[in-house]
Amino acid sequence: MLYRKIIRPILFKTDPERIHHFVINFLGATSVLRPFYFLIKKFLFIDDPRLHVKIGNIELKNPVGLSAGFDKDITAPLAYPMLGFGFAELGSITNSAQPGNPKPRLWRIPEDNGLIVYYGLSNCGSLEASRRIKKKLAKRDIPYGVSIAVTTGLKENEMADDYVRSFLDLYELADYITLNVSCPNVAKCDVFAQVSFIEELLQKIMNIVSAQGACLSGRQGSVSSGKKIKKDIFIKIGPDMSYEDLDKVIDLCLKYEITGIVATNLIKDRSWVKKFNSSEEKLNHPGGISGKHLQERSNKIISHIRERAGSKLKIIGVGGIFTAEDVYDKMKAGADAVQMITGFIYGGPFTIRKINKELVKILEEKGLNNLQDIK
Ligand SMILES: Cc1cc2nc3c(=O)[nH]c(=O)nc-3n(C[C@H](O)[C@H](O)[C@H](O)COP(=O)(O)O)c2cc1C
Numbered sequence: 104m105l106y107r108k109i110i111r112p113i114l115f116k117t118d119p120e121r122i123h124h125f126v127i128n129f130l131g132a133t134s135v136l137r138p139f140y141f142l143i144k145k146f147l148f149i150d151d152p153r154l155h156v157k158i159g160n161i162e163l164k165n166p167v168g169l170s171a172g173f174d175k176d177i178t179a180p181l182a183y184p185m186l187g188f189g190f191a192e193l194g195s196i197t198n199s200a201q202p203g204n205p206k207p208r209l210w211r212i213p214e215d216n217g218l219i220v221y222y223g224l225s226n227c228g229s230l231e232a233s234r235r236i237k238k239k240l241a242k243r244d245i246p247y248g249v250s251i252a253v254t255t256g257l258k259e260n261e262m263a264d265d266y267v268r269s270f271l272d273l274y275e276l277a278d279y280i281t282l283n284v285s286c287p288n289v290a291k292c293d294v295f296a297q298v299s300f301i302e303e304l305l306q307k308i309m310n311i312v313s314a315q316g317a318c319l320s321g322r323q324g325s326v327s328s329g330k331k332i333k334k335d336i337f338i339k340i341g342p343d344m345s346y347e348d349l350d351k352v353i354d355l356c357l358k359y360e361i362t363g364i365v366a367t368n369l370i371k372d373r374s375w376v377k378k379f380n381s382s383e384e385k386l387n388h389p390g391g392i393s394g395k396h397l398q399e400r401s402n403k404i405i406s407h408i409r410e411r412a413g414s415k416l417k418i419i420g421v422g423g424i425f426t427a428e429d430v431y432d433k434m435k436a437g438a439d440a441v442q443m444i445t446g447f448i449y450g451g452p453f454t455i456r457k458i459n460k461e462l463v464k465i466l467e468e469k470g471l472n473n474l475q476d477i478k
């Protein structure tokens, strides 16, 4: 109430990216103050056994994660358990640091409960990201994934190796890795979303993961000889993919035995949206759409993945979550856990607590013992 009626109108008067920087720097500075961290976390973090879930080897105290893109530069990683999230995905990180697209590149469309996002993968690069994770996340209260994407401007035949270099820098420090093959805001984004590219990438990454006896070195550390690396690997797909291609991608995930799929990234093809409420002027910006309009499409894709893959793939459902009912719907469609950004930006710091508390109420009302029973 306080956030929506007073704080949000003030924050929303300023340029969205400037406010984002202000908020994330504030979170970064305050979350390292241990008494403050524990006090706020005690209030906002819900730990109820009925909300515990496991995705691959990752154990979550609640199923609501922060989606990639909120903390692109590993600025405030400790803030996310403090705000109640059960896990957080940092990045997306590319091998070379890059500035992204020229500003402005983020716009609010409140009438559509969404954002127009045109960052173009601005981030500090995988080496610096690995240093920051090492420094800031020596102790962690929730699992952290790192999302890896491709450095902009590379030739097609250089792209998979670029992911591999970031992977080597980051895998040891992350609890799981997501290969983002779906950013709608960079040149050649259609190339790395292609099935043939995804196959090449999965082959290279899974060769590393299953390497026995090799010494695999990232620039911040190495895995010693003889040790088998076993990290959970996900790929993140976009909502614009045809069902034919989606089936091929699901089959590749099964063939290469990765943990699962994060579904989905931003809407690139706006013709999916039945009706926008914002004016033409507000919508007249380049970029992908987040929030409410993504919900139905992402839920359909989740159902499709679950139907084709059965229980062999884990699904992290993302797109248009604002309430506990939205989480329930995604889990009903087949998601094992969920992520969000836009609903958190619109809802404020109490959002995740509220969602988790209401999720417990939904379970009670429906006579379910835990989240696994939502099927
Ligand atoms: C400001 C912003 C930046 C984003 N940047 C990334 C990114 O770097 N990598 C990525 O995989 N997804 C990125 N996304 C997409 C989100 O992770 C998510 O898939 C999408 O916003 C749908 O979720 P939502 O409706 O809860 O926002 C970004 C989204 C937003 C709003």
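Okay, so the sequence shown: first residue is 104 according to the working numbering, each after it adds one. Glycine residues also receive a C-beta, built at the ideal position from the N, C-alpha and C atoms.
Below 7 Å, is the gap between the Cβ of residue i and the nearest heavy atom of ligand 1?
i      : result
Met443 : yes
Ser170 : yes
Leu186 : no
Gly446 : yes
Lys385 : no
Lys175 : yes
Asn204 : no
Tyr266 : no
Ile236 : no
Asn279 : The identity of residue 279 in the sequence shown is Tyr, whereas the question assumes Asn. Answer for Tyr279: no, Cβ out of range of ligand 1.
Gly227 : The displayed chain sequence assigns Cys, not Gly, to residue 227. The answer is no for Cys227.
Asn402 : no
Ser381 : no
Tyr222 : yes
Leu218 : yes
Val253 : no
With 16 as the cutoff for other CB atoms within 10 Å, does residue i come out buried or exposed?
i      : result
Glu275 : buried
Lys480 : Nothing can be reported for residue 480: it is not among the residues displayed for the chain, which extend from 104 to 478.
Gln442 : buried
Ala290 : exposed
Gly194 : buried
Ser345 : exposed
Ser327 : Its pLDDT being 43, under 50, Ser327 is placed unreliably by the model, and nothing is read from it.
Glu360 : exposed
Pro205 : exposed
With respect to the alpha helix (DSSP H) encompassing residue i, which residues constitute its N-terminal and C-terminal limits?
i      : result
Asp335 : Run containing Asp335: none in the alpha helix (DSSP H); it sits in the beta strand (DSSP E), 335-340.
Glu214 : No alpha helix (DSSP H) holds Glu214; DSSP gives it neither H nor E.
Glu399 : 395-412
Val485 : Here the chain covers residues 104 to 478 and nothing more, so residue 485 does not appear.
Val352 : 346-358
Thr454 : 454-468
Pro119 : 119-134
Roughly how many whole angstroms lie between the Cα atoms of residue i and residue j?
i      : j      : result
Asp343 : Thr117 : 31 Å
Gly187 : Phe146 : 8 Å
Arg400 : Tyr140 : 37 Å
Val284 : Ser225 : 16 Å
Asp439 : Ser414 : 10 Å
Tyr266 : Phe300 : 12 Å
Pro207 : Leu386 : 14 Å
His396 : Gly131 : 31 Å
Gly223 : Lys457 : 32 Å
Gln201 : Pro152 : 41 Å
Asp272 : Gly363 : 21 Å
Gln297 : Ile404 : 17 Å
Ile219 : Pro119 : 10 Å
Ala232 : Lys469 : 43 Å
Asn472 : Lys307 : 41 Å
Val312 : Lys334 : 7 Å
Ile448 : Ile113 : 13 Å
Trp210 : Ala314 : 44 Å
Ser382 : Ala427 : 29 Å
Ser325 : Ile236 : Caution applies to Ser325, whose pLDDT of 47 falls short of 50 and renders its modelled position unreliable; the value that the coordinates give is listed next. Taking the straight line joining both Cα atoms gives about 15 Å.
Gly423 : Gln398 : 4 Å
Gly217 : Phe173 : 14 Å
Ser250 : Phe115 : 28 Å
Cys286 : Gln475 : 31 Å
Tyr183 : Pro166 : 13 Å
Gly256 : Pro138 : 45 Å
Leu163 : Glu259 : 37 Å
Asn402 : Leu416 : 16 Å
Ile110 : Asp432 : 29 Å
Ile465 : Phe453 : 18 Å
Glu302 : Gly394 : 29 Å
What residue does the beta strand (DSSP E) around residue i start on, and which one ends it?
i      : result
Ile364 : 363-366
Ile158 : 156-158
Leu282 : 279-283
Lys417 : 417-421
Ile424 : Ile424 -> no beta strand (DSSP E), and no H or E assigned at all.
Ser250 : 247-251
Glu162 : 161-163
Ala440 : 440-443
Could you tell me if the beta carbon of residue i falls within a distance shorter than 7 Å of some heavy atom in ligand 2?
i      : result
Val376 : Ligand 2 is absent from the structure shown, which contains only ligand 1.
>> For a minimum of 3 consecutive residues, which ranges assigned as the beta strand (DSSP E) are wholly contained in the segment 168-217?
In response: 190-196, 209-212
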